[in-house]
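Take a look at the structure below.
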Amino acid sequence: MRGRLLTSITGERGSERPAVRRFGGAARSELRERETRSAVQVQSTEGRLGDLDRVGIWTGSCCGYCGNSRNMVELLFEDIFTVNRLNPDGKKFDKVTRIEARSEQFDMYMHLDVNTEIYPLNVGDKFTMVLTPTLSLDGTPDTGYFMQGGRKSLADKFEYVMHGKLYRISEETSGHNVKVEMYASFGGLLMMLKGDPSNAANFELDSRLFLLIRKV
1 MRGRLLTSIT
11 GERGSERPAV
21 RRFGGAARSE
31 LRERETRSAV
41 QVQSTEGRLG
51 DLDRVGIWTG
61 SCCGYCGNSR
71 NMVELLFEDI
81 FTVNRLNPDG
91 KKFDKVTRIE
101 ARSEQFDMYM
111 HLDVNTEIYP
121 LNVGDKFTMV
131 LTPTLSLDGT
141 PDTGYFMQGG
151 RKSLADKFEY
161 VMHGKLYRIS
171 EETSGHNVKV
181 EMYASFGGLL
191 MMLKGDPSNA
201 ANFELDSRLF
211 LLIRKV
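This is how it looks when you write it as structure tokens:
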């Protein structure tokens, strides 16, 4: 598959092996050309332009697809983040960078380990991040492995994808202020997402989930 890199990384925490996908420049160019030919622009609720193509609906404020009125992808979380710092505790691995970022809509604080050898991120970069239990556009359960072939999936709209497990949900209390902290491991690449407890309502401990990123 020209222009695409698909690799697996084994980490120290947990036994799961995440699928990490990075789309190369050629693949992105082909995707943009295809979308330009087949898409019509729609206005999102936040005033950003998205596009409606053969797969379903994409908007700037919502990463959901609506293949039809009955079946759609279940998104556990979606927001736009800005990278504020890199490796706040020092760089520990050559190919991995821990980013510190904050989201725009829900004001969520995040630490995320990223394989920056295949997907570089720098301070000031903005990206959309989605957490979902499946990549299937009709919402059916996913095995956690990318299917080779012509079947379209949610991953086709993103540049970097990992699969892992939510292993801890806890609360942090300071006076009357309560924050929830969610921890996930993608084969040793860790995520900590912290913010208002209402944003954790759809998450279940020990559940499998996909993390998808696309720069904006």
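Position 86, counted from 1, in the sequence shown is what full-length UniProt numbering calls 86; the numbers after and before it change by one each time, with no gaps.
Note that the Cβ used here is the ideal one computed from N, Cα and C, for glycine as well.
Beta-bridge annotation (DSSP): Tyr119 is not paired with any residue. The region 162-188 contains, as complete beta strand (DSSP E) runs of 3+ residues, the segments 177-186 (chain order). Counting only the Cα atoms, Pro120 lies some 10 Å from Lys95. Assigned with DSSP and collapsed to three states, Leu135 falls in coil, not helix or strand.
Put simply, of Leu86, Tyr109, Val73 the residue whose alpha carbon is nearest the alpha carbon of Ile80 is Tyr109.
For the pair Ala155 and Leu209, the CB atoms are not nearer than the 8 Å cut-off. When the five nearest sequence neighbours on each side are left out, the beta carbons in the same chain lying within less than 7 Å of the beta carbon of Glu181 are those of Ser170, Glu172, Met192, Lys194, in order along the chain.
At a Cβ-Cβ threshold of 8 Å, Asn87 and Arg98 count as neighbours.
Across the set Glu78, Lys91, Ala200, Asn202, the C-alpha of Glu78 shows the shortest separation from the C-alpha of Phe127. In the three-state scheme derived from DSSP, where H, G and I count as helix and E and B as strand, Asp89 is classed as coil. With 16 or more other CB atoms across the displayed protein chains lying within 10 angstroms of its CB, Lys165 is buried.
DSSP places Ser153 outside both helix and strand once states are collapsed to three, so it counts as coil. For Asn202, the three-state secondary structure derived from DSSP is coil.
The beta carbon of Val123 lies closer than 8 Å to those of Val83, Asn84, Arg85, Leu86 in the same chain, with the five residues before and after it left out. Leu135 and Lys91 have their C-alpha atoms spaced approximately 31 Å apart. With a cutoff of 8 Å on beta-carbon distance, Phe203 and Leu76 are scored as near each other.
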